[in-house]
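Participant:
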Amino acid sequence: QVQLAESGGGLVQPGGSLRLSCAASGSISSINAMAWYRQAPGKQRELVAAFTSGGTTNYADSVKGRFTISRDNAKNTLYLQMNNLKPKDAAVYYCNAKTSGWGSYWGQGTQVTVSS
332 QVQLAESGGG
342 LVQPGGSLRL
352 SCAASGSISS
362 INAMAWYRQA
372 PGKQRELVAA
382 FTSGGTTNYA
392 DSVKGRFTIS
402 RDNAKNTLYL
412 QMNNLKPKDA
422 AVYYCNAKTS
432 GWGSYWGQGT
442 QVTVSS
């Protein structure tokens, strides 16, 4: 079992920045990929950024050049640095971890609101 806890969401003006954090606990050694997703009201959950099992990173086209995914293995924490935020980035952001046993775990989500 893996537990994930996101933090760092909030209200920011267009053009502003936020850094989201996702603290992982439990069977950390079983995790082989982690990612950030988001879901806006009335829309499907979509992939924002990910570390693959091979250690490479993937980004949605809509966030390339503005968002950066990173991790601190010593702290078992995944980050998402979001710069130049736009109203269309407003959503609940979720952390996801996939494990070697084909498990998929989600955090509770953190709300990001982009508004002037």
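When we follow the numbering used here, the leftmost residue of the sequence shown carries the number 332, and every step to the right adds one.
Beta carbons: idealized from backbone N, C-alpha and C, even for Gly.
What number of angstroms, rounded off, separates the C-alpha of T383 from the C-alpha of W437?
Facilitator: 16 angstroms
Participant: So is L342 buried or exposed if we call it buried at 16+ other beta carbons inside 10 Å?
Facilitator: exposed
Participant: Ignoring anything shorter than 3 residues, give me the beta strand (DSSP E) runs that lie fully in the region 332-394, in order along the chain.
Facilitator: Counting whole runs of 3 or more residues, the region 332-394 contains the beta strand (DSSP E) stretches 333-338, 341-343, 349-357, 362-370, 377-382 and 388-390.
Participant: List the endpoints of the continuous beta strand (DSSP E) containing S435.
Facilitator: For S435, the enclosing beta strand (DSSP E) stretches over residues S435 to W437.
Participant: Which residue's Cα is closest to the Cα of A354: K417, L411 and G396?
Facilitator: Cα-wise, what sits closest to A354 is L411.
Participant: If distances are taken between C-alpha atoms only, which option among K395, N427, S360 and N414 comes closest to E337?
Facilitator: N427
Participant: Please report how far the alpha carbon of R369 lies from the alpha carbon of L335, in whole angstroms.
Facilitator: 15 angstroms
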